[in-house]
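For reference, the structure is listed below as structure tokens.
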DNA sequence: ATTTACATTAACCAATTAGTTAAACTATTT
DNA sequence: AAATAGTTTAACTAATTGGTTAATGTAAAT
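Protein chains in written order, with my numbering: chain A, 550 to 751; chain B, 550 to 751.
Written as structure tokens, this is what we have:
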């Protein structure tokens, strides 16, 4: 098992950690260098500036957040209920493993929304098939009338927000971290049930 | 109409703007002083340090975000549907008027979750009445089984997240800001309809 | 009017920051 | 082996930052 990262890779790893933890404004190049175990001048040798280094880390983070394979779920041939269940389950599971990334991305985008444009040249977000399916379900009177966009926004809202708002939710509703974590674990299924019931015609 | 703010008030206004726009790490005391039209030394004279100034701004922001009158709606004598409609409508309207505050609060809390404890000593969040009402509705077989906490989390998720994720939503789903704003305006009613349908038994 | 209290100023300070530089080191090519 | 290319280092730089200080100005109390 080869354990030898290149200097560039060491820098990227350390930078990701520091930027996600402290944000662009709070991150320090010397800290990144210390974490990577290298001399700070190398950061500029390889990446030229703090902002350029940040852009690379940010782009990688946001591409992972959008997660092409979740788009794949939406566009698969499965029925709508299964899709929603899979999407919710997997999305929550992925964020569980990267709990600080949503806050990082959403905040840095709120500070500088233009950053998203560099990313979108390279990510293909095409949900036409899902849209068609939804239209069909509506037309067949199987579900309420709702746009694909709004349904996805609702789903993502309920998947992501409890992570983004963890300190508030923990402080307001739960006395300890274990209850919070139980809530999150349950939401892998409760969110999809909620959504499926929400779109059901009654 | 008296237009004369005290120096303290000028500082607080300028600080709020700068902290919300740039965050604690990115905000600059000199900028706050410039915006307030005062000498920078006054920031320390009146508020002692950057962090103390931030704490005051932060506490005010988070108390407004939690909005006691929305708790009041939850605990009022209205029926459940009306409560949900009122809550959603008013919450979205309030955030529309302070669009950058959720990101600010959620991010700063993610960086330093302990900050919430100073706030919670002073805000009374008591939703017992709402909980009882929900229990009754469940017991009467009027709605699905769901905890008050989880219902509120779902509601807040769908109210807040589209603001927090504005740049992503705009870039992915809408070509222009007008469509995004139309979406938000519609959600004052579409979110509550979605929620009400979601908890409705078949 | 004088004294005391409070508010404000301009200059200053030590530490930190992102970035630069020239020399030294290591790897590759001739 | 020498020359060239690429990598790394330690020291340095100018600017910025949060905070301090002593003097001055203003308001309030005596």
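The beta carbon of each residue, even a glycine, is placed where N, CA and C say it ideally should be.
All of these numbers come straight from a predicted model, not from anything done at the bench.
Which residues DSSP lists as bridging residue i, in chain order
i	result
residue 701/B	According to DSSP, residue 701/B bridges with nothing at all.
residue 601/A	None, per the DSSP bridge assignment.
residue 692/A	749/A
Length of the line joining the Cα atoms of residue i and residue j
i	j	result
residue 647/A	residue 673/B	32 Å
residue 741/A	residue 590/B	54 Å
residue 561/B	residue 701/B	32 Å
residue 595/A	residue 554/A	14 Å
residue 635/A	residue 699/A	18 Å
residue 557/A	residue 610/A	17 Å
residue 750/B	residue 559/B	53 Å
residue 664/B	residue 720/A	11 Å
residue 675/B	residue 585/A	47 Å
residue 582/B	residue 735/A	48 Å
residue 571/B	residue 686/B	45 Å
residue 644/A	residue 703/B	17 Å
residue 773/A	residue 567/A	Lying before the first or after the last residue shown, residue 773/A is absent from chain A, which here runs from 550 to 751.
residue 614/A	residue 577/B	31 Å
residue 737/B	residue 705/B	12 Å
residue 579/B	residue 655/B	25 Å
residue 745/A	residue 619/A	18 Å
residue 732/B	residue 717/B	14 Å
residue 678/B	residue 624/B	5 Å
residue 637/A	residue 588/B	52 Å
residue 650/A	residue 633/B	31 Å
residue 600/B	residue 569/A	21 Å
residue 667/B	residue 695/A	42 Å
residue 622/B	residue 662/B	28 Å
residue 697/B	residue 593/B	44 Å
residue 642/B	residue 722/B	22 Å
residue 612/B	residue 612/A	34 Å
Status (buried if at least 16 other CB within 10 Å, exposed otherwise) for residue i
i	result
residue 550/B	Residue placement at residue 550/B is flagged as unreliable, the pLDDT there being 45, under the threshold of 50; a coordinate-derived value is accordingly withheld.
residue 598/B	exposed
residue 640/B	buried
residue 574/B	exposed
residue 565/A	buried
residue 617/B	exposed
residue 670/B	exposed
residue 715/B	buried
residue 657/B	buried
residue 652/B	buried
residue 563/B	buried
residue 747/A	buried
residue 743/B	buried
- Counting Cβ pairs closer than 8 Å, one from the region 599-608 of chain A and one from the region 706-722 of chain A, do we hit at least three? no
- Can we say the region 686-693 of chain B touches the region 723-739 of chain A, given the rule of at least three CB pairs closer than 8 Å? no
- If we count Cβ pairs, one from each stretch, closer than 8 Å, do we get three or more for the region 616-631 of chain B versus the region 665-684 of chain B? Result yes; three or more Cβ-Cβ pairs closer than 8 Å.
- At what residue ranges does the region 576-645 of chain B contain a whole run of the alpha helix (DSSP H), taking only runs of 4 or more? 578-585, 590-596, 599-615, 617-624, 629-645
- Entirely within the region 653-686 of chain B and at least 4 residues each: give me those alpha helix (DSSP H) ranges in chain order. 664-669
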